[in-house]
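Numbering (this note's numbering), first residue to last: -2 to 179. Glycine residues also receive a C-beta, built at the ideal position from the N, C-alpha and C atoms. Presented below is the structure to which this report refers.
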């Protein structure tokens, strides 16, 4: 489905203190070298990247607006882990909010870092199986397009210009290998 991009009314630099935490670290290495590093500190809870399997070969992807590139991007459902939630609980909630499905079977299959030299953020990859229909209200500004995709066609997916998010691609390959080993 082609949809027009959102209209950008303004952009501006934002002082993110309070929302993002930039930490400066002074280090001394075993060889005596001293360096100063900066890193972004997250909430510590992290995020979930969900691999929702409709059947053994069909994963449900979403097409959603990606502000970083000002385009629509095809990838996996994802979201943050709220206080008090496990990764599996967060994954099930996000599934219901984003694609209108819950999962009877949720398995944590990997933890991925984004840029470990610069931030301490972890994404928990959750394999969601035995899906059932259930919709919860979410925080998305528009309905997300759900796109079924065959795991046997991952090579085609990585060649698409609109599918570039590393967490989604890594999670899909990890899930495909996990499922194949069963």
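- Three or more Cβ pairs closer than 8 Å define a contact, and the region 78 to 97 meets that threshold against the region 40 to 54.
- The DSSP-derived three-state label of residue 47 is strand.
- According to the DSSP assignment, residue 154 belongs to the alpha helix (DSSP H) that extends over 151 to 155.
- Burial of residue 122 is indicated by the presence of at least 16 other C-beta atoms within 10 angstroms of its C-beta.
- Ranking 160, 177 and 103 by CA distance to the CA of residue 59 puts 160 first.
- The closest CA to that of residue 38, considering only 29, 51 and 18, is found on 18.
- Note that the C-beta distance between residue 141 and residue 74 is below 9 Å.
- In the DSSP annotation of this structure, the continuous segment of the alpha helix (DSSP H) that includes residue 165 starts and ends at 163 to 177.
- Taking C-beta atoms as the reference points, residue 68 and residue 154 fail to come closer than 9 Å.
- Beta-bridge pairing by DSSP links residue 69 to 62.
- For residue 105, no alpha helix (DSSP H) run applies; the uninterrupted beta strand (DSSP E) run containing it begins and ends at 98 to 110, by DSSP.
- Burial check for residue 172: the Cβ neighbour count within 10 Å reaches 16 or more, so the residue is buried.
- For residue 88, no beta strand (DSSP E) segment is defined; the enclosing uninterrupted segment is the alpha helix (DSSP H) at 84 to 95.
- Comparing C-alpha distances from residue 165 to each of 136, 110 and 139 shows the shortest one belongs to 110.
- A residue is called buried once 16 or more other Cβ atoms fall within 10 Å of its Cβ, and residue 34, having fewer, is exposed.
- Annotated three-state conformation of residue 148 is helix, per DSSP.
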